[in-house]
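In my numbering, the protein residues as written are 1274 to 1338. For each residue, glycine too, the CB sits at the ideal point set by N, CA and C. Notes to accompany the following structure.
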């Protein structure tokens, strides 16, 4: 019975540790910008998903290759 309790506590600790680890590394944001030339009706579309206000908020332009 004691072995089961140790395994249970170890499992709970590992689950908690992994949750904290993956929670802190999963903070990210995504930005989509569609220019007027890429839409049929000529409208511009901007969408932004921000998971953390402490992450760098700059928008970086990457030209087409």
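- For the options 1304, 1312, 1275, 1281, the alpha carbon positioned closest to that of residue 1333 is the one of 1304.
- If you compare the alpha carbons of 1316, 1331, 1313 with that of residue 1323, the shortest gap goes to 1331.
- Residue 1312 and residue 1318 do touch by the CB rule: their CB atoms are close to 7 Å apart, below 8 Å.
- Our two residues, residue 1276 and residue 1293, have alpha carbons roughly 26 Å apart in a direct line.
- Residue 1314: not part of any beta strand (DSSP E); DSSP gives it neither H nor E.
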